[in-house]
Amino acid sequence: MAGDASKALSNDVLWGGGRSPFSISYGKMMMWFFLVSDALTFSGLLVAYGFVRHSTTESWPIGEEVFRALPGLTGSYPLIYVALMTAILIFSSVTMVLAVEAGHRMDKKGVIKWLFLTVIGGAFFVGSQAWEWSHFIHGGGGYITTNQGVKYWVHNDTHDTHDPSNAAGFHLVPALEGHYLIGEEGAHHLDHEASMKLWNDRANYVDGANMVHNEYGPPQYANFFFFITGFHGFHVFSGVIINLIVLIMVIKGVFHRRGHYEMVEKAGLYWHFVDLVWVFVFTFFYLL
Amino acid sequence: MERDDIIEYSLDAHHSEEEGAKIRRNIWMVTLFLAVVTTIEVTLGAYWKDWFDASAWNMIKWTYVVLTLVKATYIVMSFMHLGDERKNIRMIILAPYAFFILYLLYIGLVESNYVHQMWEHFL
Numbered sequence: 001m002a003g004d005a006s007k008a009l010s011n012d013v014l015w016g017g018g019r020s021p022f023s024i025s026y027g028k029m030m031m032w033f034f035l036v037s038d039a040l041t042f043s044g045l046l047v048a049y050g051f052v053r054h055s056t057t058e059s060w061p062i063g064e065e066v067f068r069a070l071p072g073l074t075g076s077y078p079l080i081y082v083a084l085m086t087a088i089l090i091f092s093s094v095t096m097v098l099a100v101e102a103g104h105r106m107d108k109k110g111v112i113k114w115l116f117l118t119v120i121g122g123a124f125f126v127g128s129q130a131w132e133w134s135h136f137i138h139g140g141g142g143y144i145t146t147n148q149g150v151k152y153w154v155h156n157d158t159h160d161t162h163d164p165s166n167a168a169g170f171h172l173v174p175a176l177e178g179h180y181l182i183g184e185e186g187a188h189h190l191d192h193e194a195s196m197k198l199w200n201d202r203a204n205y206v207d208g209a210n211m212v213h214n215e216y217g218p219p220q221y222a223n224f225f226f227f228i229t230g231f232h233g234f235h236v237f238s239g240v241i242i243n244l245i246v247l248i249m250v251i252k253g254v255f256h257r258r259g260h261y262e263m264v265e266k267a268g269l270y271w272h273f274v275d276l277v278w279v280f281v282f283t284f285f286y287l288l
Numbered sequence: 289m290e291r292d293d294i295i296e297y298s299l300d301a302h303h304s305e306e307e308g309a310k311i312r313r314n315i316w317m318v319t320l321f322l323a324v325v326t327t328i329e330v331t332l333g334a335y336w337k338d339w340f341d342a343s344a345w346n347m348i349k350w351t352y353v354v355l356t357l358v359k360a361t362y363i364v365m366s367f368m369h370l371g372d373e374r375k376n377i378r379m380i381i382l383a384p385y386a387f388f389i390l391y392l393l394y395i396g397l398v399e400s401n402y403v404h405q406m407w408e409h410f411l
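Just so you know, the sequences run in chain order A and B. End of the first sequence = 288 in this note's numbering, gap-free, step of one. End of the second sequence = 411 in this note's numbering, gap-free, step of one.
So this is what it looks like as structure tokens:
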């Protein structure tokens, strides 16, 4: 930006006292310090995820096999939904940086326009995440294990997980080790009679996901999914609230009277940070 | 009472209409770049098995990590304006974080390797 941050100042002036050696305001510096500590929290979560995944000898679910549904559509769209969520968040980050830019020109109308779009984008992201959680929790039909520990996917036409054996089209599909395979091409589908026999002799039935077990893989997989995306989603939610409050203050002209729109910039830092965290969650949870 | 010994740094951040147009063009270029990188990542994630054999996974994994770091650099330096701040503040934010995260990664990898070996031997 223009001003002190890019001005050449001698060390005597910078560190001589009476001014900030960083040439930024107290509020902005504290926001940065907060973001560094928050970044370490998220790093801790992601490293813990990596730790568990790397140390386990069980097979771990694959992102593009677990997350491949779109609302209102059947079929397989690996990672498309998560990519859309990423696009929404990056787009709302762009509108935020444009709001900050408008603030530097004291363009109140511009700030209102871009900040409003940012709030909308954030709300869309939180909504998308709610759908994804719901889909993850309900699952795609679940699996049973026999007393010998053999695993079979449960299929039926209506995705009824309460009483799957009475739903139309009920049958079982032998699971392949290490794969989340519902609807996989070339899978061996058992007939109804054989499926009912296995179903009645099942050792247990797991469908969807909760904190104890899930149909996708080891219990830690769902736990980390809930904790990491949940913690991030809560950041997005609080970011939307902060942006909304700042937007109301902008509309009321608080910052225009103050002579600068730095509050938009500080809220923007937080908002970009949320986007930044999502970039890492996207890579390390969904892609790898 | 008005104090006159406080420097209002926030007022330094103003810029003119022409400077604004330049900054906005830069913002859209970064946006385009981030969108392209994300598209590459998702396409690779969905179709890499059709294009490469299973041994390529290691290479793709590292491609993801590098692309993510590139994206993160652009977000921090451009969107969060850290590239425009003084070197002092840039270093005081990035250096401690880099130090801690390298340590965290090191300890995470070493320990999880060990635990993995233990599971394999005793289970």
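Using N, Cα and C, we set each Cβ at its ideal position, and we do this for glycine too.
Can you list the residues of chain B that residue 279(A) reaches, using a CB-CB cut of under 9 Å? 322, 326, 356, 359, 360, 363
Alpha carbon to alpha carbon, how far is residue 204(A) from residue 146(A)? 7 Å
When DSSP labels each residue in this structure, what does residue 57(A) get in the three-state scheme? coil
Whole angstroms are fine: how far does the CA of residue 67(A) sit from the CA of residue 2(A)? Since pLDDT at residue 2(A) reaches only 49, below the 50 mark, its modelled position is unreliable, and the value read off the structure follows with that caveat. Straight-line Cα distance between these residues: approximately 45 Å.
Start-end ranges of the alpha helix (DSSP H) lying completely within the segment 143-219 of chain A, minimum 4 residues: 192-200
Report yes or no: is there a C-beta of chain A within less than 8 Å of the C-beta of residue 341(B)? no
If you measure from the beta carbon of residue 127(A) to each beta carbon in chain B, is any gap under 8 Å? no
Below 8 Å on C-beta distance, what does residue 20(A) contact in chain B? 295, 297
Would you mind reading off the limits of the alpha helix (DSSP H) that contains residue 351(B)? 345-362
Classification of residue 356(B) by the beta-carbon crowding that lies within 10 angstroms, buried from 16 upward: buried
Give a yes or no on whether the C-beta atoms belonging to residue 270(A) and residue 230(A) are separated by under 8 Å. no
List the residues of chain B that residue 94(A) touches, going by C-beta distances under 9 Å, in chain order. 315, 316, 318, 319, 322, 367
Quick one: residues in its chain with C-beta nearer than 6 Å to the C-beta of residue 319(B), no 5 flanking neighbours on either side, listed in chain order? none
Endpoints, alpha helix (DSSP H) assigned at residue 385(B): 375-410
Roughly how far, in whole angstroms, is the beta-carbon of residue 275(A) from the beta-carbon of residue 88(A), given that I think they are within contact range, below 8 Å? Not really, about 10 Å apart at Cβ, beyond 8 Å.
Chain B beta carbons: is any one of them nearer than 8 Å to that of residue 23(A)? yes
Is residue 54(A) close to chain B? Criterion is C-beta to C-beta, closer than 8 Å. yes
Can you list, in chain order, the stretches of the alpha helix (DSSP H) that have 4 or more residues and sit fully within the segment 20-96 of chain A? 26-55, 63-66
Please list the partners that residue 388(B) has in chain A, where partner means a Cβ-to-Cβ separation under 7 Å. 40
CB contact below 8 Å: residue 310(B) versus chain A: no
Let me check understanding here. Comparing Cα to Cα, which of 25(A), 137(A), 156(A) lies closest to residue 166(A)? 156(A)
Given this structure, state the Cα-to-Cα distance separating residue 107(A) from residue 309(B), to the nearest angstrom. 13 Å
How about residue 127(A) and residue 207(A): are their beta carbons less than 8 Å apart? no
Over what stretch of residues does the alpha helix (DSSP H) that includes residue 322(B) continue unbroken? 305-339
Can you give me the start and stop residues for the alpha helix (DSSP H) that residue 128(A) sits inside? 108-138
Would residue 57(A) and residue 404(B) qualify as a contact pair, given that the criterion is a beta-carbon distance under 8 Å? yes
Going by C-alpha to C-alpha distance, which of 360(B), 408(B), 328(B), 362(B) sits closest to residue 348(B)? 328(B)
Could you name the residues of chain A that residue 407(B) contacts, counting a contact when the two beta carbons are closer than 8 Å? 55, 56, 57
When you compare the CB of residue 2(A) with every CB in chain B, is at least one pair closer than 8 Å? The pLDDT assigned to residue 2(A) is 49, lower than 50, so where the model puts this residue is not dependable; a value taken from the coordinates is nonetheless given after this. So yes, residue 2(A) belongs to the interface.
Determine the direct distance from the alpha carbon of residue 168(A) to that of residue 158(A), and round the result to whole angstroms. 7 Å
8 Å Cβ cutoff, residue 334(B) in contact with chain A: yes
Can you look up residue 5(A) in the DSSP assignment and give me helix, strand or coil? helix
May I have the straight-line CA-CA distance separating residue 212(A) from residue 161(A), to the nearest angstrom? 17 Å
With a cut-off of 8 Å on the beta carbons, I'd call residue 277(A) and residue 232(A) a contact; round off their distance for me. 6 Å
Rounded distance between the beta-carbons of residue 400(B) and residue 134(A), thought under 8 Å: Incorrect: roughly 32 Å between the Cβ atoms, too far for contact.
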